[in-house]
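Here the structure comes first, spelled out in structure tokens, and everything after it is commentary.
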Amino acid sequence: MHYRQFLQPLRQFAVRRAEHELQKRYPMTNQEIRQAVGKRVKLDLAPQAPGGPTRTGRIVGILDAADGLVVTFAPDESPGSQVTYHAHYIRAIHPA
């Protein structure tokens with residue numbers, strides 16, 4: 362067996378594992394978050410994010426910060442107020 366034939370499955374495994382780890386850390390891409398601006402959505406949040414595991418409301422806007430995307434969110438449960446979340450706290454966005 363040629364060494365390249367031996368290394369190919371290992372290389373593929375390493376790439377799949379790296380993609381899985383990245384998806385675990387940053388499940389939503391910035392582009393996916395940008396597409397939800399102005400829409401009423403349900404956010405699935407990381408456990409350490411303030412406001413609970415899920416919140417329903419409207420994504421008001423986004424800001425490109427030095428450490429990533431910041432999302433401004435208007436929750437339904439407190440009209441007139443807005444909260445911000447860093448993108449790494451957002452696990453998923455679902456239509457509400």
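Using my numbering, you'd call the opening residue of the sequence shown number 362 and step up by one each time. Quick reminder that beta carbons are idealized off the backbone N, C-alpha and C, glycines included.
Query raised in the report: Between the C-alpha atoms of Ile454 and Tyr446, what's the straight-line distance to the nearest angstrom?
Result: When rounded, the distance between both Cα atoms is 13 Å.
Query raised in the report: Helix, strand or coil: how does DSSP classify Ala407 here?
Result: DSSP places Ala407 in coil when its eight states are reduced to three.
Report task. May I ask you to report which of helix, strand or coil DSSP gives Ala426? Result -> When secondary structure is reduced to three states using DSSP, Ala426 falls in the strand class.
Report task. Could you check the C-alpha separation between Gly422 and Gln443 for me, to the nearest Å? Result -> Spanning the two alpha carbons is a distance of roughly 10 Å.
Query raised in the report: Can you tell me the Cα-Cα spacing of Ala448 and Gly441, whole angstroms?
Result: If I take the Cα positions, the gap works out to 22 Å.
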